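One structure below.
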RNA sequence: GUUCCUGUAGCUCAACGGAUAGAGCAGAGGUUUCCUAAACCUCCGAUGUAGGUUCAACUCCUACCAGGGACACCA
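In our numbering, the protein residues as written are 424 to 1071.
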């Protein structure tokens, strides 16, 4: 609709002799300002040396005249611009009237028939309502990126929620999306963990007997042990650094055996390897890596993400190091102090180390190796990488380097930094073990929801209450994370996020379930929307216009990569519906046909008395409105990666 | 010190340079003989400071203040 209005305005302006005006059409927030609005008259005032009101008046008359609105005066008919190919502008039929408001806004009001037609579109198109049918680009998105051997904390939950939602927004706009995950299976954090495992461990089989979540929890503890030793004890820090080589070698050998991978680098050249030590590290490495990755999969399932590709630092590191070494001769990288660096100062940034003096690739070099591997796997038009924004600066340097070594890849790599999740008590730190894991968060939310369900009058069997609690918990977390616009930090208050009132995921689920409940009661009579003849009351109209806006909202959210605008929209839709629900009866009650209720409603909406059968038509409209609201809520929630429930 | 991000109501957040700055929570009051009260209604309450650009500034520019991140071998 938005685009059609832009086209219409462009044609009218062209007739008026104005090109390059680039009119912008926006959704009106306020129903008093119509469904769509444009500020083009104000923008043109200076160029045309006319008052904005005058220009707006001319545009209004042009729309009215070509749309053959009855209110076009005779005078206007003669002087108004005339569009040649009228049939190209079906949007004219959708416009009920145009209003000009000071200081020069032009507001478009849609006809009620158009609004009810969009209800029909929703009911017909179902889950594809609002989604583009165009064929788009190939996009690869990397997100979540938890590190094996470390916790999956609330920050990963955030990265996952943002990434998954952006994927869905891209898909909604027709792009071909590949989800990938990049995981640090080698490096100092692994060395710290394994050092801690070795230190704490008397018997690995005791740990093996634990459940998977318990094993992973244990790994969080040993990581904290290793990280603290690294910081506080220079001798132990040295042990950990040396163990890092063994980790690299263990990873190579493991992947060689398991996946038939052929390593290009021999890390044994840097260190004398004690085979007994290596065997211990190798054993711990295999266990820890396997446990972590299995555990992560359980979370992806809960969160609703299915990755199509996994990349590991162990593999991309070699490729990255190779690329860096190849570009020392041409001066892109410099050797300095035993390390290989990129001098970002030349492009207004800072210097970063790509290969450290031990000869190992840093994260920077690994990322440089990752890009061509992704390209080889997917041949993308754009590559998005979603991480916490604390590495924004580092990514600028990285992309600057990539633009030199692989310009075509650098040009299509986009980094999106999201905020950091803070707890009201302060910062999380896996170093000290003070973290909120994704799983514990979800589980405590579930517990709270179960308490509420137990108190409810509705009786659920165990299976259903489990489903509701799980989905509402995920909804609560995802919504509270996604409603904040990127890249703001998030203060995650456990207590507040479990209050399921107001602007929250469960509020949306509740509204959806409420719609479904009404529809169940309506039975077969639902969804037979004939041409709507009755006038819409303000609450019905408010819901209808929001439903009509949905496709434009989705397109806008996809274009600006902002899941938060979907959240805002859905909350608004749910509120509008709930107000409508509170004020009007959806299902016609037999007693109301001749009773007081319809009289009351007539009085408040200023409607004429209903013709015979009018109430039925009204009820039919309201049922369709309810069905359409439910559908749009479900579609929007799906874009956030949230699943609905039929009852709650 | 350099650089990036962020400052909106008591708290947590909205608002392509547009109209009367919107919500939720907290606080005060109200709504259920009727489709799910996890709901609805009313009240209370805000753009860090100082300039500038513009018909129009929370939004853009400059300076300052405050908080956070990055600034060579962690990611």
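Note that the Cβ used here is the ideal one computed from N, Cα and C, for glycine as well. Model, not experiment: these values are computed from the prediction.
Inset, instruction - Quick one: grab the DSSP three-state call for residue 1068. - result: For this step, residue 1068 is matched to residue 645 along the first chain. Reduced to three states, the DSSP call for residue 1068 is coil.
Inset, instruction - Return the residue from the list 640, 643, 453, 1071 that minimises the CA-CA distance to residue 878. - result: Here residue 878 refers to the residue found at position 455 when the first chain is read from its first residue. Measuring from the Cα of residue 878, the nearest candidate turns out to be 1071.
Legend entry - Inter-residue spacing [alpha-carbon to alpha-carbon] between residue 1036 and residue 427: Within the first chain, numbered from 1, the residue matching residue 1036 stands at position 613. Within the first chain, numbered from 1, the residue matching residue 427 stands at position 4. A caution first: residue 1036 carries a pLDDT of 49, below 50, which makes its placement in the model too unreliable to give a value.
Legend entry - Residues bridged to residue 600 [DSSP beta-bridge criterion]: Residue numbering aside, residue 600 sits at position 177 when the first chain is read from its first letter. DSSP output for residue 600 lists 562 as bridge partner(s).
Inset, instruction - With hydrogens ignored, establish whether the beta-carbon of residue 979 is closer than 6 Å to any heavy atom of the ligand GDP. - result: Although the ligand GDP was asked about, the structure shown includes no ligands whatsoever.
Inset, instruction - Give the straight-line distance between the Cα atoms of residue 614 and residue 992, rounded to the nearest whole angstrom. - result: On the first chain, position 191 is the one that residue 614 refers to. On the first chain, position 569 is the one that residue 992 refers to. The straight-line gap from Cα to Cα measures roughly 46 Å.
Inset, instruction - Specify, as a first and last residue, the run of the beta strand (DSSP E) that residue 427 falls within. - result: As a position in the first chain, residue 427 is number 4, starting the count at 1. First-last for residue 427: 425-438, but that is the alpha helix (DSSP H), not the beta strand (DSSP E).
Inset, instruction - Assign residue 579 to one of three DSSP states: helix, strand, or coil. - result: Taking the first chain and counting its residues from 1, the one referred to as residue 579 is at position 156. Three-state result, residue 579: helix.
Legend entry - Cβ contact check for the stretch 518-538 and the stretch 677-688: 3 or more pairs under 8 Å: no
Legend entry - Close Cβ partners of residue 570 (< 7 Å) along its chain, the five nearest in sequence each way excluded: For the purposes of this step, residue 570 is taken as residue 147 along the first chain, with counting starting at 1. 606, 607, 612, listed in sequence order.
Inset, instruction - Counting only the same chain and skipping the five closest in sequence on each side, list residues whose C-beta sits under 6 Å from that of residue 1022. - result: As a first step, residue 1022 is located in the first chain; it is residue number 599 there, counting from the start. Low confidence applies to residue 1022: its pLDDT is 42, below 50, so where it sits in the model is not reliable, and the reading given next is rough at best. So no residue of the chain qualifies.
Inset, instruction - Tell me whether residue 750 sits in a helix, a strand or coil according to DSSP, three-state version. - result: The count along the first chain starts at 1 and reaches residue 750 at position 327. Looking at residue 750 - three-state DSSP - the assignment turns out to be coil, as it is neither helix nor strand.
Inset, instruction - Go ahead and label residue 751 buried or exposed: buried means 16 or more other beta carbons lie within 10 angstroms of its beta carbon, across all protein chains shown. - result: On the first chain, position 328 is the one that residue 751 refers to. The residue is exposed, with fewer than 16 neighbouring Cβ atoms inside 10 Å.
Inset, instruction - Report yes if the CB atom of residue 668 is closer than 7 Å to the CB atom of residue 782, and no otherwise. - result: The sequence position of residue 668 within the first chain is 245, counting from 1. The sequence position of residue 782 within the first chain is 359, counting from 1. Result no, Cβ atoms of residue 668 and residue 782 do not sit closer than 7 Å.
Inset, instruction - May I have the straight-line CA-CA distance separating residue 634 from residue 755, to the nearest angstrom? - result: In the first chain, residue 634 corresponds to position 211, counting from 1. In the first chain, residue 755 corresponds to position 332, counting from 1. If I take the Cα positions, the gap works out to 49 Å.
Inset, instruction - Give me the Cα-Cα distance between residue 835 and residue 433, rounded to the nearest whole angstrom. - result: Sequence index remark: in the first chain, residue 835 carries index 412 (1-based). Sequence index remark: in the first chain, residue 433 carries index 10 (1-based). When rounded, the distance between both Cα atoms is 32 Å.
Inset, instruction - With distances taken Cα to Cα, identify the nearest neighbour of residue 585 among 702, 841, 800. - result: Here residue 585 is taken as the residue at index 162 of the first chain, counted from 1. With distances taken between Cα atoms, residue 585 lies closest to 841.
Inset, instruction - Find the nearest neighbour of residue 447 within the set 436, 453, 440, 455, judged by alpha-carbon distance. - result: Position 24 of the first chain holds residue 447. Ranking the options by Cα distance to residue 447, first place goes to 436.
Legend entry - Cβ pair residue 723, residue 561 closer than 7 Å: Counted from its first residue, the first chain places residue 723 at position 300. Counted from its first residue, the first chain places residue 561 at position 138. No. Outside cutoff.
Inset, instruction - Grab me the residues of residue 938's own chain with a C-beta within less than 8 Å of its C-beta, minus the 5 sequence neighbours each way, in chain order. - result: On the first chain, residue 938 is found 515 positions in, with the first residue counted as 1. Correct list, in chain order: 1000, 1049, 1050, 1052, 1053, 1056.
Legend entry - Secondary structure, alpha helix (DSSP H): runs of 4+ residues fully inside the stretch 697-767: 698-726, 736-749
Inset, instruction - Please report how far the alpha carbon of residue 717 lies from the alpha carbon of residue 647, in whole angstroms. - result: Reading the first chain from its first residue, position 294 is the one you call residue 717. Reading the first chain from its first residue, position 224 is the one you call residue 647. About 21 Å.
Inset, instruction - Note down, in chain order, each residue of its chain lying with its Cβ closer than 8 Å to the Cβ of residue 864, except the 5 sequence neighbours on either side. - result: Mapped onto the first chain, residue 864 falls at position 441. Taken in chain order, the residues that qualify are 577, 580, 900, 917.
Inset, instruction - Could you spell out the range, first to last residue, of the beta strand (DSSP E) harbouring residue 694? - result: As a first step, residue 694 must be located in the first chain, where it is residue number 271. Per DSSP, residue 694 belongs to no beta strand (DSSP E) and is neither H nor E.
Inset, instruction - Using 10 angstroms around the beta-carbon of residue 838, count the other beta-carbons present and answer buried if the total reaches 16, otherwise exposed. - result: The residue you call residue 838 lines up with position 415 of the first chain. So residue 838 counts as buried.
Legend entry - Simplified DSSP assignment, three categories, for residue 840: The residue given as residue 840 occupies position 417 in the first chain. Three-state DSSP puts residue 840 in a strand.
Inset, instruction - Pick out the complete beta strand (DSSP E) segments inside the stretch 855-923, 3 residues or longer, and give them in chain order. - result: none
Legend entry - Residue from 628, 568, 627 with nearest C-alpha to residue 602: Within the first chain, numbered from 1, the residue matching residue 602 stands at position 179. For residue 602, the nearest C-alpha among the options comes from 568.
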